[in-house]
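K.L.:
Handing you this structure, nothing more for now.
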Amino acid sequence: MRASNLRFDSVADNEAAKAAPRKPKRLLADRVYHSLFSRISNGDYAVNTRMPSEHQLSEEFGVSRPVLRSALEKLREEGVIYARQGAGNFVRAPSVSPVGFARVETLADIQRCYEFRLNIESSAAAMAAERRNSAILVTMEEALELMGAAAGSMEHREDADFEFHTTIAKATNNHYYEAALRALRDHIYVGMKMHGQSLLTEGTIALEHVFDEHKEIYMAIVRQDEKLASSLMHQHLVHSRDRLFGGGLINLCMPEESD
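Numbering follows the UniProt record's numbering, in which position 234 of the sequence shown is assigned residue number 234; successive positions increment by one, without gaps.
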C-alpha cells in the first residue's frame, strides 16, 4: 500500500467517525500552530522579524481568521512570538526550556534524546491505547494523512511527525507526558530533521516504510492493544535512531576516574 493512498480499516474508520463529520476548530488550529512553529524553529521567520499578516496566513493555510488567531494565541502563550499593537506578530528570541534541558550541541546529545524518548514514548503509547477517545484518534489520523501525502511527494514533514507523537502523549490524559515532549520539541526536531534528510537520500520506499511504522502504532492504539502499541513505538524509535546513526552508536559510558 502506498503512503499517498492512506486508508484505514473498518475498526479505525468506525472510531474516527464518532468524532467527525466535521473537523473541530481546535484540530485545525493545532495543525496551523505546529506548521508555524516548525517554520520558526527552522529559521524561515527570523528572530524579531514581522510574520506574514493574518490575512496572508489564513489564505495560505485555508483556514478562517478565528482558527488562525487561535494558533497564533497559542504561540504567544508559549513565548514563541509576540504582538506589537498595530504592527502585527513578531518572532521572539528562543528562551531556555522551562524544564531546563540544555541545547543540542553534539550527536551524543541526539542519541541521549532518543534514549529518553524510548522510555517515555513507549510508556505513553501503552497508556494512550488504554485511555484514548474518538476525538484524539481523529487528530492522530490527520497527522498521518499529512505524513502520507508528504511521503508520496518525496517529502518529510517534521511538523506532522511531531504532531503525531505529541497527540499520543496527549492521549494519555496525563499532562506530564505532553509537557515533557513539548519541552524537548527543539531537541526532537533536530533528530527528526536529520532523520528526514537521511530518508530522502534513500528514496520513496524508505519514506513509506517509516510512514507504515506510524500507521501500525496508530492501529494498535485504535484497537486498544497496550502491549503492542508500546512495542511498536519502541521499535519505531530504535529504527529511527539506528537509521540516523547507521548502526554506529556513540559510547556514552562515563570514563573511569583516575586516582
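Just so it is clear, CB atoms sit at the ideal spot from N, CA and C, and this is done for glycine as well.
Model, not experiment: these values are computed from the prediction.
1. If you run the structure through DSSP and keep just helix, strand and coil, what is A126?
2. Spatial neighbours of A71 within its chain, please: CB distance less than 6 Å, with the 5 preceding and 5 following residues excluded, ordered by chain position.
3. Report yes or no: do the region 35-53 and the region 76-84 share at least 3 C-beta pairs separated by less than 8 Å?
4. If we count the other Cβ atoms within 10 Å of its Cβ and call it buried at 16 or more, is S236 buried or exposed?
5. Comparing C-alpha positions only, which one of A46, D44, V47, L68 sits nearest to S53?
6. In this structure, does DSSP put C253 in helix, strand or coil?
7. Taking only three categories from DSSP, how would you classify Y45?
8. What do you reckon, are the CB atoms on Y177 and A169 nearer than 8 Å?
9. Hey, M154 and L200 are a contact pair by Cβ (cut 8 Å); roughly how many whole angstroms apart?
10. If you reduce the DSSP assignment to three classes, tell me which class N89 lands in.
11. Check whether the Cβ atoms of F164 and M140 sit closer than 8 Å, and answer yes or no.
12. Is it true that the CB of A171 sits closer than 8 Å to the CB of R131?
13. Once the 5 residues before and after A129 are set aside, which same chain residues still bring their CB inside 7 Å of it?
14. Let me check one thing: in DSSP terms, what residues is Y176 bridge-paired to?
15. Nearest-angstrom Cα distance between C253 and A135?
16. Classify A46 as buried or exposed, calling it buried when 16 or more other Cβ atoms lie within 10 Å of its own Cβ.
17. Should F90 and M51 be called a contact, given that it needs their Cβ atoms to be closer than 8 Å?
18. Of the choices P255, V238, E256, whose alpha-carbon is the least far from that of Q111?
19. Go ahead and label D159 buried or exposed: buried means 16 or more other beta carbons lie within 10 angstroms of its beta carbon, across all protein chains shown.
20. Write down every uninterrupted run of the alpha helix (DSSP H) in the region 155-225 whose length is 4 residues or greater and which is fully enclosed by it, in chain order.
21. Given that a residue counts as buried once 16 or more other Cβ atoms are within 10 Å of its Cβ, and exposed if not, what is E60?
P.N.:
Taking the coordinates as given:
1. Three-state DSSP puts A126 in a helix.
2. Beyond the five residues adjoining it in sequence on each side, A71 comes within less than 6 Å, by CB distance, of A29, V32, Y33 in the same chain, given in chain order.
3. Touching, yes, given that three or more Cβ pairs across the two stretches are closer than 8 Å.
4. As written in the sequence, residue 236 is His, which differs from the Ser given in the question. By the neighbour-count rule (16 or more Cβ atoms within 10 Å), H236 is buried.
5. Ranking A46, D44, V47, L68 by Cα distance to S53 puts L68 first.
6. Three-state DSSP puts C253 in coil, outside helix and strand.
7. Coil at Y45, not helix or strand.
8. Closer than 8 Å, so yes.
9. About 7 Å; that satisfies the 8 Å criterion.
10. Here N89 sits in strand by DSSP.
11. Cβ distance < 8 Å, so F164 and M140 count as in contact.
12. Their beta carbons are under 8 Å apart, which means R131 touches A171 by this criterion.
13. Answer for A129: A220, I221, Q224, D225, E226, A229, listed in chain order.
14. Paired residues: none, contrary to the question.
15. Our two residues, C253 and A135, have alpha carbons roughly 43 Å apart in a direct line.
16. Per the 10 Å Cβ criterion, exposed.
17. One thing to note: F90 has its Cβ within 8 Å of the Cβ of M51.
18. Closest by C-alpha distance to Q111, out of P255, V238, E256, is V238.
19. Buried is the call here.
20. Listed in chain order, they are 158-171, 175-183, 185-202, 204-222.
21. Flag for E60 reads exposed.
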